[in-house]
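Shown next, in structure tokens, is the structure this report addresses.
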Amino acid sequence: MTTTDEPVTITDRQREVLGFIARFYADHGYALTVREICKQFRFASPNSAVAHLKALRRHDLVTWQSGQARTIRPTEAGVSLLEG
Numbered sequence: 003m004t005t006t007d008e009p010v011t012i013t014d015r016q017r018e019v020l021g022f023i024a025r026f027y028a029d030h031g032y033a034l035t036v037r038e039i040c041k042q043f044r045f046a047s048p049n050s051a052v053a054h055l056k057a058l059r060r061h062d063l064v065t066w067q068s069g070q071a072r073t074i075r076p077t078e079a080g081v082s083l084l085e086g
């Protein structure tokens, strides 16, 4: 998690993943799964999606509950980053 007031810097791909998570949640009203992220971005392994998710979580842009399905959601900071 970031604790400073410095602007968050993420990769273009991380921004795409964050945007997909936010759009999915807004469109469907429920959170998506790692497998849905893999399908959207054609990741060969769930580990690829998880690596992006962990990077986004370090910046407090997404949240989820380990071991529970459909809990991947954008945070307010994540939505603000996409809008700004």
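Residues 3 to 86 in my numbering are what the sequence shown spells out, letter by letter. All C-beta atoms, glycine included, are put in the ideal place defined by N, C-alpha and C. All values reported here derive from a predicted model rather than from experimental measurement.
| query | In the DSSP assignment, what residue or residues form a beta bridge with Pro76? | reply | Val64
| said: Between the alpha carbons of Thr13 and Phe26, how many angstroms are there, rounded? | reply: 20 Å
| Which ranges would you report for the alpha helix (DSSP H) in the stretch 29-56 if only whole runs of at least 4 residues count? | 36-43
| message | Less than 7 Å between the C-beta atoms of Tyr32 and Arg60, yes or no? | response | no
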